[in-house]
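Protein chains in written order, with the working numbering: chain A, 11 to 270; chain B, 10 to 300. Positions of the beta carbon are idealized from the N, C-alpha and C atoms, including for glycine. Here the structure is laid out as structure tokens; the discussion comes afterwards.
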Amino acid sequence: MLGLRELQLGFANAVLDGAEDNFDRHIRAAELSGVRRLQVYRNNTLLSLTGALEAVYPVVRHLVGEEFFRYAAAQYIARHPSRSGDLHEFGEHFPLFLQAFAPAADVVYLPEVARLEWAYHQVFHAADHRPLDVAALAQVPVERQGELRFELHPAARLLESAFPILRIWQVNQDDEGSDATVDLREGGVKLLVIRRENLEIEFQPMEEGAFHLLQALAGACDFAMACEWAMAAQPTLDLPACFHRYVSQGVLTAFYLPDS
Amino acid sequence: MTTKPVLSRLGPGSIPARAGIGLRAEHYDAVLKTRPPVGWLEVHSENYFGAGGRPLDYLERIRAHYPLSLHGVGLSIGSTDPLDRPHLAKLKGLIKRFEPALVSEHLSWSSVGGRYFNDLLPLPYTEEALYHMVARVAQVQDVLGRSILIENPSSYLQYVESALPEQEFLVELARRTSCGVLLDVNNVYVSARNHGFDASAYLRAIPRHVVQEIHLAGFTVNRFDDGELLIDTHNRPVWPAVWALYRQAVQRFDRIPTLIEWDTDLPELAVLVDEAHRADMILEERHAWAA
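As structure tokens, this is what we get:
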């Protein structure tokens, strides 16, 4: 007779690690064997976790097909077990897993598309935030503006890829015609994923300078340095217009002046 | 998470002794647009554990029109791992914001050694497990500052270790912690068929006053060459045999808020509303006998 702790550990070993035979003797076998009964739980767990991955990564699934996706999901689940009772937290490491997943090596852009989908998932559930207080920002003395630090909206993510992942994402939505193709020679993309105030999620392709500006601000650079970095990346950038766009779109939500 | 209280015309109030339906994302717009005539709604708590965005926005708007029940599927109360405090804190935040009339979880466990199955796993019904569940339910109720309901699970195996029938374990848990019972009539039927016990006797073993909510759903039959198992899939209408058992439950426990659950292969909202209407008719019959 096992105690509760040992019984639960034994059950996990049987169902998650496939050692059903060792646990069989703790199951009452009426008609169906203990192994058969344990397999029901193994199947339920696999269905539940695979379903969670399918919900977050529909485009990855569309790209590789259902059968391949399920195979990859099973491998992922075995290597990166769920660590939360909240299924929305499951799947964070799937992009990195795919990068090292030999059977998918030919689909070079697959991990990058997965990163885009995980960013979308995070943005979907991220905290709400009021827009930036423009009146208060206008009160900051000109000579101190360079010291300003800004915060990005909790529902904003910056992504950079060597592949045209936004176009791939777009043409692989389920309702898109399947004859659309993307030429990988279109090249890479820099993206802002942002949830707007109406809760719609947008993908905005970004110019070099704008990307550097937001990346620097997200990394807590002061405003002067972020502007400098942005202009160095793209000397033709219309910096004031760019900055105002991200304030008015609610991408930049808060600012502060460090203590002088 | 923001904790501003919901601008609700309804206070926390109570769940009416009518049929309600499980609210799923696919039906958000239809519920807001058609305001179906169901008594109340239930959601899975974890679907609103995000910090913000659309799910919470929808729930806030829908909550303004319906009494709400929060049904947890991930707390893993029966686990021998430490209780997941951040999970419980998120649940507490949801309760504060949405003022549900009922909060429920399961007589089950779903994680051990830090690994989650994200499935509802059966406990051995032993004295040790009972002590453990009593302590954990008490702990949860302390943190939340309110009593919760515990639901009987569907199960596909019984442990050699079990010494008590499930219904006795559940009743004793309710007696010692003052938690209520969420009686899932479909689960009673599924487990009774899977393990060969008498579903009616199960109902008779539960005292009248402890049942505060009833669940109904559809199951699937999995056939193997050496037998069959009923699986609690929530993907089809309630079976006739479960409706019959529900009538027995309503006779015994009187008019209890009853939920139609449907989680996969979701049909149109109207199908769920029809099922709820059917449950309402059975509840009203009970009213007629009592009158």
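beta-carbon L100(B) near the ligand FMN non-hydrogen atom, thresh 7 Å: In the structure on display, the ligand FMN does not appear, and there are no ligands present to speak of.
Distance between E270(B) and W242(B) (C-alpha atoms, nearest Å): Here residue 242(B) refers to the residue found at position 233 when the second sequence is read from its first residue. Here residue 270(B) refers to the residue found at position 261 when the second sequence is read from its first residue. Correcting the residue identity first, residue 242(B) is Thr in this sequence and not Trp. If I take the Cα positions, the gap works out to 10 Å.
Short-range partners of chain A found in the segment 122-139 of chain B, where Cβ spacing is below 8 Å: Going along the segment 122-139 of chain B in chain order, one finds G122, G123, R124, Y125, F126, N127, D128, L130, L132, P133, T135, E137 and A138 with a Cβ nearer than 8 Å to chain A.
Rounded C-alpha distance that separates W239(A) from W128(A): Locating residue 239(A) in the first sequence gives position 229, counting from the first residue. Locating residue 128(A) in the first sequence gives position 118, counting from the first residue. Across the structure, W239(A) and W128(A) are spaced so that their CA atoms are roughly 28 Å apart.
Members of the segment 250-265 of chain A near chain B, C-beta cut-off 7 Å: Answer set for the segment 250-265 of chain A: empty.
Cutoff 8 Å; reference R35(A); Cβ partners in own chain excluding five residues on either side: By 1-based counting over the first sequence, the position of residue 35(A) is 25. Excluding the 5 residues flanking it on each side, R35(A) has same chain C-beta neighbours closer than 8 Å at G44, in chain order.
Residues near L162(A) in its chain [Cβ-Cβ closer than 6 Å; skip 5 each side]: Residue numbering aside, residue 162(A) sits at position 152 when the first sequence is read from its first letter. Closer than 6 Å at Cβ, skipping near neighbours: A228.
Proximity below 8 Å, CB of S171(A) to CB of V199(A): Stepping through the first sequence from its first residue, residue 171(A) is reached at position 161. Stepping through the first sequence from its first residue, residue 199(A) is reached at position 189. Yes, the Cβ-Cβ distance between S171(A) and V199(A) is below 8 Å.
Option in Y57(B), D66(B), A172(B) and A26(B) with minimal Cα separation from E207(A): The count along the first sequence starts at 1 and reaches residue 207(A) at position 197. A check of alpha carbon separations from E207(A) across Y57(B), D66(B), A172(B) and A26(B) identifies D66(B) as the nearest.
Among P268(A), A83(A) and R93(A), nearest to L108(A) - alpha-carbon criterion: In the first sequence, residue 108(A) corresponds to position 98, counting from 1. Of P268(A), A83(A) and R93(A), the residue nearest in Cα terms is A83(A).
Delimiting residues of the beta strand (DSSP E) encompassing Y130(A): On the first sequence, position 120 is the one that residue 130(A) refers to. Note, Y130(A): premise wrong, no beta strand (DSSP E); alpha helix (DSSP H) at L120 to H135.
Closest residue to Y57(B) among Q260(B), M290(B) and E69(B) (Cα-Cα distance): Counted from its first residue, the second sequence places residue 57(B) at position 48. Per the Cα distances, E69(B).
Spatial distance of A28(B) from A288(B) (CA atoms): Position 19 of the second sequence, counted from the start, is the residue given in the question as residue 28(B). Position 279 of the second sequence, counted from the start, is the residue given in the question as residue 288(B). For the pair A28(B) and A288(B), the Cα-to-Cα distance works out to about 6 Å.
Below-8 Å beta-carbon distance, E207(A) vs any chain B residue: Position 197 of the first sequence, counted from the start, is the residue given in the question as residue 207(A). Closer than 8 Å: no.
Cβ neighbour criterion (16 or more within 10 Å) applied to K13(B): Here residue 13(B) corresponds to residue number 4 of the second sequence, with the count starting at 1. Low local confidence applies: a pLDDT of 43 at K13(B) is under 50, so the model's placement there is unreliable, with the coordinate-based value given in what follows. So K13(B) ends up on the exposed side.
Local Cβ density within 10 Å of L281(B), reported as buried at 16 or more and exposed below that: Locating residue 281(B) in the second sequence gives position 272, counting from the first residue. By the 10 Å Cβ count, L281(B) comes out buried.
Outcome for L268(B) when other beta-carbon atoms lying within 10 angstroms are tallied against a minimum of 16: Along the second sequence, read from residue 1 onward, the residue named residue 268(B) stands at position 259. When all chains shown are included, L268(B) counts as buried.
Segment limits, beta strand (DSSP E) that includes Q214(A): Position 204 of the first sequence, counted from the start, is the residue given in the question as residue 214(A). Per DSSP, Q214(A) belongs to the beta strand (DSSP E) from I211 to P215.
Inter-residue spacing [alpha-carbon to alpha-carbon] between R255(A) and D143(A): Taking the first residue of the first sequence as 1, we reach residue 255(A) at position 245. Taking the first residue of the first sequence as 1, we reach residue 143(A) at position 133. Their Cα atoms are separated by approximately 14 Å.
Chain B contact for R15(A) (CB, 8 Å cutoff): Position 5 of the first sequence holds residue 15(A). Yes, R15(A) counts as interfacial toward chain B.
Cut-off 7 Å between Cβ atoms - residues of its own chain near R71(A), not counting five sequence neighbours on either side: Translated into positions along the first sequence, residue 71(A) becomes position 61. Shown here for R71(A): same chain residues with a beta carbon closer than 7 Å to its own, the five before and five after excluded, namely E64 and F79 in chain order.
Residues that K200(A) bridges to, as DSSP identifies them: Position 190 of the first sequence, counted from the first residue, corresponds to residue 200(A). DSSP lists E170(A) as the bridge partner or partners of K200(A).
Residue-level contact to chain A via CB, S113(B), 8 Å cutoff: Here residue 113(B) corresponds to residue number 104 of the second sequence, with the count starting at 1. No, because no Cβ of chain A sits closer than 8 Å to the Cβ of S113(B).
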